[in-house]
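Chemist: One structure coming up, written as structure tokens, with questions to follow.
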Amino acid sequence: MKYGTSVLVVDDEFIVRRVVMQLLNRAGYAAEAVESGEAALALLARRKFDVVITDFAMPDMPGDQLAARIRKLLPAQRIIMATAFVEE
């Protein structure tokens, strides 16, 4: 990735969204964050992002389901999935 790359952060936890977005912005990435898979899909319908970083363990739509839905709409979309759960 290069400086200025646009990143969409998807996580249901406010503090995680805030910290990840701040770190990415400080590193030169143009980052935005949303709290759910549905919010991510709505934003992706309006805007293009170079990369989507999504939490795996979200209550309404887990990250793997979000990734599958993104793939149907945007097959070339780069997706990074993260989780705090060691077992996953």
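Under our numbering, the first residue of the sequence shown carries the number 0, and numbering increases by one thereafter. Ideal placement from N, C-alpha and C gives every residue a C-beta, glycine not left out.
Can you tell me which of GLU12, ILE14, MET20, PHE13 puts its alpha carbon nearest to the alpha carbon of VAL6?
Modeler: Among GLU12, ILE14, MET20, PHE13, the Cα nearest to that of VAL6 belongs to MET20.
Chemist: For ALA66, which residues in the same chain have their Cβ closer than 6 Å to its Cβ, ignoring the five residues on either side in sequence?
Modeler: ILE78, listed in sequence order.
Chemist: Can you give me the start and stop residues for the alpha helix (DSSP H) that MET20 sits inside?
Modeler: Where MET20 is concerned, the enclosing alpha helix (DSSP H) stretches over 13-25.
Chemist: On the DSSP letters alone, give me the boundaries of the alpha helix (DSSP H) that ARG45 sits inside.
Modeler: Unbroken alpha helix (DSSP H) run through ARG45: 36-45.
Chemist: Can you tell me whether DSSP reads ALA30 as helix, strand or coil?
Modeler: DSSP places ALA30 in strand when its eight states are reduced to three.
Chemist: Between which two residues does the beta strand (DSSP E) containing ASP54 stretch?
Modeler: ASP54 -> beta strand (DSSP E) spans 50-54.
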